[in-house]
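Worksheet: one structure, shown below.
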């Protein structure tokens, strides 16, 4: 997906570094992603979830909070409250580009921040939390041994994730004095809580408490054995799939009218694994599938092969055409199914044997119902009239263009 590197003023007027992940096609909705405590916009979960949502038509802005990552400012001068204010500032930036956010996504402490920020963002229709603590003060356990020094001296340097951070007494007082019950109970948006039962950093009890505080519509989805940072690609992919499916119930993802010459709209294929062959296939905001190759051919076998999709198109179109004809004739067709196999065969009439091969699709039609032999024979003839069959038997014109991707970063 194309990504813009941008910056915008945060709560204190200092520039915050951000990335705006954009769909290849029209922007159907916009989401704002808040990363975990001391993390950054470029962590694996944020990148993967944002990329997947962008493939479904949802633009995602992910940014570094003040004093973190590539953003300006001193982390020692920040607090949970300033994080919330940075989120509001990020929404203001999106609003200036006519991309009012309708979806908030927060990971760990970022989830607590989006829950609190929602009251200042009336355009938001859905909020998603990932491994989020029910009490922001929960993060104090990361530097519990330094709390006496922080209380005595006003601040202390602690090591978090292998990096030094200065934690101030104001930060500790802020997280310990912030409670989410009122914000969650008055959320005025649909809520999706995602949490791993074995999360060793933020226990599953936190998800249960947030769920109990919230009013409907609210949903809980387990992340199974994912770790707290959702570092595995498969876990991030799953989270993104669930988020996009859930968001479609609460966020308007109506695509614009298809362009001239493309009555069914534009189907987009994006590479999912540069080291293999797996591809994401997106048709509008609601239809997603995966193409791949078998293990024997260097793939991961997580989706049908390209020829499998061609066979599926032929089989589906055949069944639809037969059903439509039987329905119009009011014939007693109870069920129709089609088996399709694909193979390369020698074209003996095109030259010496083996010099030319043609694609051969073999269909087996199964019809059930009180049909007489004449009706069955007629439906077999109708199968050959399905549009995909005709396209495969006729010549098709494939035009390939190269799109300039200047100004974007993959």
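Numbering (this note's numbering), first residue to last: -15 to 394. Every residue, glycine too, gets a C-beta built ideally from N, C-alpha and C.
Looking at the DSSP output, residue 91 sits in a beta bridge with 114. Residue 137 and residue 122 have their alpha carbons spaced roughly 22 Å apart. By the Cβ neighbour-count rule, residue 215 is exposed, with fewer than 16 other Cβ atoms within 10 Å of its own.
The DSSP-derived three-state label of residue 302 is helix.
Its Cα nearest to that of residue 33, the residue 6 stands out among 105, 55 and 6.
With a 10 Å radius around the Cβ and a threshold of 16 neighbouring Cβ atoms, residue 235 comes out buried. Of the residues 93, 251 and 375, the one whose Cα lies closest to the Cα of residue 19 is 93.
Collapsing the DSSP output to three states places residue 140 in a strand. For residue 212, the number of other beta carbons within 10 angstroms of its own is at least 16, and it is reported as buried.
Taken atom to atom, the span from the alpha-carbon of residue 208 to that of residue 225 is near 15 Å. Judged by beta-carbon spacing, residue 116 lies within the 8 Å limit of residue 190, meaning their Cβ atoms are closer than that value. Per DSSP, the continuous alpha helix (DSSP H) segment holding residue 374 begins and ends at 371 to 377. In this structure residue 145 is not in contact with residue 62, their Cβ atoms being roughly 17 Å apart against a cut-off of 8 Å.
Per DSSP, reduced to three states, the secondary structure at residue 216 is coil, with no helix or strand assignment. With a 10 Å radius around the Cβ and a threshold of 16 neighbouring Cβ atoms, residue 175 comes out buried. Beta-bridge partners of residue -12 (DSSP): 4. Considering only 157, 99 and 87, the residue with the shortest C-alpha distance to residue 231 is 87. The beta carbon of residue 102 is closer than 8 Å to those of 88, 108, 111, 167, 171, 172 and 173 in its chain, skipping five residues each way along the sequence. In the DSSP assignment, residue 46 is bridged to 3 and 17. Excluding residues up to 5 positions away in sequence, 326 and 328 lie with their Cβ nearer than 7 Å to the Cβ of residue 343 in the same chain. Here residue 277 is buried: its Cβ has 16 or more other Cβ atoms, across all protein chains shown, within 10 Å. In this structure, DSSP gives residue 80 a helical state, which the three-state scheme calls helix.
CA-CA distance, residue 165 to residue 177, rounds to 15 Å. Put simply, of 255, 179 and 363 the residue whose alpha carbon is nearest the alpha carbon of residue 194 is 179. Of all C-beta pairs linking the stretch 252 to 269 to the stretch 65 to 74, fewer than three are shorter than 8 Å, placing the two stretches out of contact.
Within the same chain, Cβ atoms closer than 6 Å to the Cβ of residue 105 are found at 75, the five residues on either side in sequence being excluded.
Under DSSP, residue 255 shares a beta bridge with 263. The bridge partners DSSP lists for residue 171 come to none.
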